[in-house]
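Undergrad:
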Amino acid sequence: PHITVQWGLRDDRVGPIRYAVQGITPVAFALGLTAVFNTPEADVLYVSVTSPGLDGLRRKIQRATEHIVEHHAYTPHVTIAYLAPGSATPYVGQDTFVGLRGVIDRFVHCSREGIQSPVRFAPTASVTSPKGPNPRTRF
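No gaps in the numbering here: position 36 of the sequence shown is 42 in this note's numbering, and each next residue is one more.
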């Protein structure tokens, strides 16, 4: 499972993102009720996520990258299932995950080609400028 922080990046370089999140401290989150995104293709069943720090992380990434502008509010979530359209209603509002908490100290940047690059939150001095070495360097 994962929490999507930002989708629709137009640039696959991870360097600007690493640079933008330098100095970020680990981000706490709490899980909430189940809910659904209804799309023509599927009902996307998810668990809601509460985390003010996640919103701040997302804003830093948005300022550092070109991305698709979303016309709906950001909803932090963990996707748990893709169901047939119209079939998720019985699962909405379940409290199975309520109160579960965690801390995020890294994330994975996924390129359009499927290249995954880990990004750890780092002290300010340890991250080079996005104009520095090859931003596709992997850990």
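Where a beta carbon is used, it is the ideal one built from N, C-alpha and C, also for glycine.
1) Under three-state DSSP, which class holds V20?
2) Sorted by chain position, which residues of the same chain lie with C-beta nearer than 7 Å to A2's C-beta, five sequence neighbours on each side aside?
3) Alpha carbon to alpha carbon, what distance is there between H8 and Y88?
4) Can you tell me whether T143 is buried or exposed? The criterion is at least 16 other CB atoms within 10 Å of its CB, across all chains shown.
5) Have a look at P96 and V104 and give me their C-alpha separation to the nearest angstrom.
6) Could you check the C-alpha separation between F35 and P58 for me, to the nearest Å?
TA: Taking the structure as given:
1) Here residue 20 refers to the residue found at position 14 when the sequence shown is read from its first residue. Coil at V20, not helix or strand.
2) Because residue 2 is not part of the residues shown, which for the chain are 7 to 145, the question remains open.
3) Sequence index remark: in the sequence shown, residue 88 carries index 82 (1-based). Sequence index remark: in the sequence shown, residue 8 carries index 2 (1-based). In a straight line, the C-alpha of Y88 is about 14 Å away from that of H8.
4) For the purposes of this step, residue 143 is taken as residue 137 along the sequence shown, with counting starting at 1. Residue placement at T143 is poorly supported in this model, since its pLDDT is 32, which falls under 50; the coordinates are not used for a value here.
5) Counting from one through the sequence shown, the residue named residue 96 turns up at place 90. Counting from one through the sequence shown, the residue named residue 104 turns up at place 98. P96 and V104: Cα-Cα distance of roughly 17 Å.
6) For the purposes of this step, residue 35 is taken as residue 29 along the sequence shown, with counting starting at 1. For the purposes of this step, residue 58 is taken as residue 52 along the sequence shown, with counting starting at 1. So the alpha carbons of these two residues sit roughly 8 Å apart.
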